[in-house]
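Engineer:
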Amino acid sequence: MQLLLKIITIAVIFNSIILLILANLIDKNMRMGAAYQVQLKIVFILLGIIVGNVIGVALYWLN
Numbered sequence: 140m141q142l143l144l145k146i147i148t149i150a151v152i153f154n155s156i157i158l159l160i161l162a163n164l165i166d167k168n169m170r171m172g173a174a175y176q177v178q179l180k181i182v183f184i185l186l187g188i189i190v191g192n193v194i195g196v197a198l199y200w201l202n
């Protein structure tokens, strides 16, 4: 149970870092329609969550 809690924490941290980086990149590099930017952010947020969870699961199996 303790290990599972650790994995969840790590996954959440990874998600937060990835989302912050991607949100900043989108804001700096892309000056386009607001609607398109929002769609792009949603896609990146989903990607970030998936990547974060994959990393979390990988760490879980490695331990």
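My numbering applies: residue 140 is where the sequence shown begins, and numbers increase by one.
All C-beta atoms, glycine included, are put in the ideal place defined by N, C-alpha and C.
Just so you know, these numbers come straight off a predicted model, no measurement behind them.
1. Between Y199 and the rest of its own chain, which residues show a CB-CB distance below 6 Å, the 5 nearest in sequence each way excluded?
2. Roughly how many whole angstroms lie between the Cα atoms of L143 and G195?
3. Check N202 in the structure and name its three-state DSSP category.
4. For V190, which residues in the same chain have their Cβ closer than 7 Å to its Cβ, ignoring the five residues on either side in sequence?
5. From L185 to L201, what does the alpha carbon distance come to, in whole angstroms?
Structural biologist: Per the coordinate set shown:
1. I146
2. 10 Å
3. coil
4. I157
5. 24 Å
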